[in-house]
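Top line first, the protein sequences correspond to chains A and B.
Heads up, the first sequence is in my numbering, so the first residue is -2 and it goes up one at a time.
Heads up, the second sequence is in my numbering, so the first residue is -2 and it goes up one at a time.
Positions of the beta carbon are idealized from the N, C-alpha and C atoms, including for glycine.
Owing to the predicted nature of the structure, the values given are computational and were not obtained by experimental measurement.
Comments concern the structure below.
2 protein chains.
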Amino acid sequence: MKKSSLIRDKEGWRTVSEEPKYKDKNVEVTMQTVYTPTRQDKPAQWTVCHRKAAVVIAPMTPEGKLILVQQERIPVRALLWEFPAGQIDEEDADDDQTILATAKREMQEETGYELAAGVEMIPLGYFFTSQGFTDEHNHLFLAKGVVPSKAGPSHDENEGITDCREFTLTEFHRMVSENEITNANTLSMYARLCARGLI
Amino acid sequence: MKKSSLIRDKEGWRTVSEEPKYKDKNVEVTMQTVYTPTRQDKPAQWTVCHRKAAVVIAPMTPEGKLILVQQERIPVRALLWEFPAGQIDEEDADDDQTILATAKREMQEETGYELAAGVEMIPLGYFFTSQGFTDEHNHLFLAKGVVPSKAGPSHDENEGITDCREFTLTEFHRMVSENEITNANTLSMYARLCARGLI
């Protein structure tokens, strides 16, 4: 897998070696030997699980409702309510246009909604899902003004999406508060939306 | 590694097999074959990276400031501002008292602060860091009322903590808004704190 330019040696960081440990289409595990800002005499050794970067989208209707999908998540054996999301499969996962196109496509495929005429995705930065373990990072977008698309949703059978609903902001705030939203994608989006006064 | 009782077969979920792929002290990768609620005829196959559960703590001073540590994070080659956090190493990682004890210890070790007399940790639920990839889940706590401990911080040399500071809520809101806080632990905590009206 190609590495993101976000994850690269810079001031104080120098990669000595990266030993492959396991690889399939979903994950690549390596043992890395790295000089870090505080470890300039003797490099650190660290297990890193490399994953593709992803996008997460908060689709908002003209009435101000947010759209979540319910998805079965095998690693945690549960159905979770989440914002639509998807990995960036293209080789050039750092390119802004590629990231944006992935966000639009994933939203349309998972929810059946698309941006209303004249509306663009609002970028809300990114976040690392588990910075001591993986280089995975997810780009956040607010889609402020979405409408049902003619095509409707087109679920990949591997995705296991079991529901898709509009939620009022009151419902959404309650779900975050009461531990009904339990995934970093949706909670991190909520954080950025709140901090920017967007919800 | 022992699995959490949070991650278990229940209505519609049935594990057929789990084939080991890679294991070290930090991660255990398996190929799982699982019947899911939508896949009752033919089980799904999925790569899962198993990780220990962790705790994340938001230490708040009596003046209402929040304490963050800056830590070097090898997988992402960056220094990140984060709430103190740590994995639950004990065998019984599901036990409430074990989780709470880990939260108190990690806060004290990483920041040098401890709970003020008569104050207890306020549990704020948990979250999954990357639910399509790993069973990792982190328990969130607000430590409302912390004071510098006599012992001070005691950093593990592998942690790479480079700074520890108090931030006003205004500063913290701005850092979340402007993509200076870029990790799921801290953003998910921010989400729960905001949704519950605690900051």
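>> Assuming the contact rule is C-beta atoms closer than 8 Å, residue 159 (chain A) and residue 67 (chain A) should be a hit. Round their C-beta distance to whole Å, please.
In response: Position 162 of the first sequence, counting from 1, holds the residue named residue 159 (chain A). Position 70 of the first sequence, counting from 1, holds the residue named residue 67 (chain A). Right, their Cβ atoms sit about 5 Å apart.
> Closest by CA to residue 64 (chain A), which one among A:177, A:143 and A:184?
Replying inline: Taking the first residue of the first sequence as position 1, residue 64 (chain A) is located at position 67. Cα-wise, what sits closest to residue 64 (chain A) is A:143.
>> Can you pull the chain A neighbours of residue 138 (chain B), defined as C-beta to C-beta under 7 Å?
In response: Start at 1 with the first residue of the second sequence, and residue 138 (chain B) comes out as number 141. By Cβ distance, chain A contributes nothing, its closest Cβ being about 13 Å from residue 138 (chain B), past 7 Å.
> What is the residue span of the alpha helix (DSSP H) that residue 101 (chain A) lies within?
Replying inline: One-based indexing of the first sequence puts residue 101 (chain A) at position 104. Start and end: 93 to 108.
> Does residue 43 (chain B) have its Cβ less than 8 Å from a Cβ in chain A?
Replying inline: Counting from one through the second sequence, the residue named residue 43 (chain B) turns up at place 46. Taking Cβ atoms only, chain A reaches closer than 8 Å to residue 43 (chain B), which makes this a yes.
> Smallest Cα separation from residue 141 (chain B): which of B:105, B:75 and B:62?
Replying inline: The residue labelled residue 141 (chain B) in the question sits at position 144 within the second sequence. Ranking the options by Cα distance to residue 141 (chain B), first place goes to B:62.
> Quick one: Cα of residue 186 (chain B) to Cα of residue 118 (chain B), how far?
Replying inline: The sequence position of residue 186 (chain B) within the second sequence is 189, counting from 1. The sequence position of residue 118 (chain B) within the second sequence is 121, counting from 1. Answer to the nearest angstrom: the Cα atoms are 14 Å apart.
> Per DSSP, residue 161 (chain A) forms a beta bridge with which residues?
Replying inline: The count along the first sequence starts at 1 and reaches residue 161 (chain A) at position 164. Answer is A:66, bridged to residue 161 (chain A).
>> Looking only at its chain, what residues have a beta carbon closer than 7 Å to the beta carbon of residue 130 (chain B), apart from the 5 residues adjacent to it on each side?
In response: Stepping through the second sequence from its first residue, residue 130 (chain B) is reached at position 133. Contacts found: 46.
> beta strand (DSSP E) containing residue 139 (chain A): first to last residue?
Replying inline: The residue labelled residue 139 (chain A) in the question sits at position 142 within the first sequence. Per DSSP, residue 139 (chain A) belongs to the beta strand (DSSP E) from 134 to 141.
>> If the criterion is Cβ atoms closer than 8 Å, does the pair residue 41 (chain A) and residue 126 (chain A) meet it?
In response: On the first sequence, residue 41 (chain A) is found 44 positions in, with the first residue counted as 1. On the first sequence, residue 126 (chain A) is found 129 positions in, with the first residue counted as 1. No, they are not a contact pair.
> For residue 153 (chain A) and chain B, any beta-carbon pair shorter than 8 Å?
Replying inline: Mapped onto the first sequence, residue 153 (chain A) falls at position 156. Answer no: the Cβ-Cβ gap between residue 153 (chain A) and chain B never drops below 8 Å.
>> Strictly by DSSP, which residues pair up with residue 43 (chain A)?
In response: The sequence position of residue 43 (chain A) within the first sequence is 46, counting from 1. Note: residue 43 (chain A) sits in a beta bridge opposite A:29.
>> Count Cβ pairs between the region 43 to 58 of chain A and the region 74 to 83 of chain A that sit closer than 8 Å; are there 3 or more?
In response: Contact between the region 43 to 58 of chain A and the region 74 to 83 of chain A is present, because at least three Cβ pairs lie under 8 Å.
> Which residues, taken in chain order from the region 2 to 15 of chain B, show a beta carbon closer than 9 Å to some beta carbon of chain A?
Replying inline: 3, 4, 5, 6, 7, 9, 10 and 12
> Would you say residue 34 (chain B) reaches chain A, if we count a Cβ-Cβ gap shorter than 8 Å as a contact?
Replying inline: Residue mapping note: residue 34 (chain B) aligns to position 37 of the second sequence, counting from 1. Yes, residue 34 (chain B) lies at the interface with chain A (some Cβ there is under 8 Å from its Cβ).
> Which stretch, first to last residue, makes up the alpha helix (DSSP H) that contains residue 114 (chain A)?
Replying inline: To locate residue 114 (chain A), count along the first sequence from 1; it is residue 117. Per DSSP, residue 114 (chain A) belongs to no alpha helix (DSSP H) and is neither H nor E.
> What residues of chain A sit near residue 70 (chain B), judged by a beta carbon separation below 8 Å?
Replying inline: For this step, residue 70 (chain B) is matched to residue 73 along the second sequence. For a Cβ distance threshold of 8 Å, residue set 125, 128 and 129 of chain A lies close to residue 70 (chain B), ordered along the chain.
> So which residues on chain A does residue 60 (chain B) lean against when the C-beta distance must stay under 9 Å?
Replying inline: Position 63 of the second sequence holds residue 60 (chain B). Within chain A, no residue comes near residue 60 (chain B); the closest Cβ sits about 21 Å away, beyond 9 Å.
>> Does residue 107 (chain A) pass the burial test, meaning 16 or more other C-beta atoms within 10 Å, or should it be called exposed?
In response: Taking the first residue of the first sequence as position 1, residue 107 (chain A) is located at position 110. Answer is buried; the Cβ neighbour count reaches 16.
> What is the C-beta distance between residue 23 (chain A) and residue 44 (chain B), in whole angstroms, given that I count them as a contact (C-beta under 8 Å)?
Replying inline: As a first step, residue 23 (chain A) is located in the first sequence; it is residue number 26 there, counting from the start. As a first step, residue 44 (chain B) is located in the second sequence; it is residue number 47 there, counting from the start. Taking C-beta atoms under 8 Å as the contact rule, residue 23 (chain A) and residue 44 (chain B) qualify, at a distance of about 4 Å.
> Name the chain A residues that come within less than 8 Å of residue 174 (chain B), Cβ to Cβ?
Replying inline: For the purposes of this step, residue 174 (chain B) is identified with residue 177 of the second sequence, where counting begins at 1. What residue 174 (chain B) touches in chain A: 189, 192 and 193.
> In chain order, what residues of the region 73 to 84 of chain A put their CB closer than 9 Å to some CB of chain B?
Replying inline: Taking 9 Å as the cut-off between beta carbons, the residues of the region 73 to 84 of chain A near chain B are 73, 74, 75, 76, 77, 79, 82 and 84, in sequence order.
> In three-state DSSP terms, what is residue 125 (chain B)?
Replying inline: Taking the second sequence and counting its residues from 1, the one referred to as residue 125 (chain B) is at position 128. Residue state, collapsed to three classes: strand.
> Excluding five sequence neighbours on each side, which residues of the same chain lie with their C-beta closer than 7 Å to the C-beta of residue 87 (chain B)?
Replying inline: As a position in the second sequence, residue 87 (chain B) is number 90, starting the count at 1. Closer than 7 Å at the Cβ level, and outside the excluded window around residue 87 (chain B), lie 95.
> Do you know how far the Cα of residue 114 (chain A) is from the Cα of residue 99 (chain B)?
Replying inline: Locating residue 99 (chain B) in the second sequence gives position 102, where the first residue counts as 1. Locating residue 114 (chain A) in the first sequence gives position 117, where the first residue counts as 1. Their backbone Cα atoms lie some 51 Å apart in a straight line.
> By a C-beta neighbour count over all protein chains shown, 10 Å radius and 16 as the cutoff for buried, is residue 37 (chain B) buried or exposed?
Replying inline: For the purposes of this step, residue 37 (chain B) is identified with residue 40 of the second sequence, where counting begins at 1. So residue 37 (chain B) counts as exposed.
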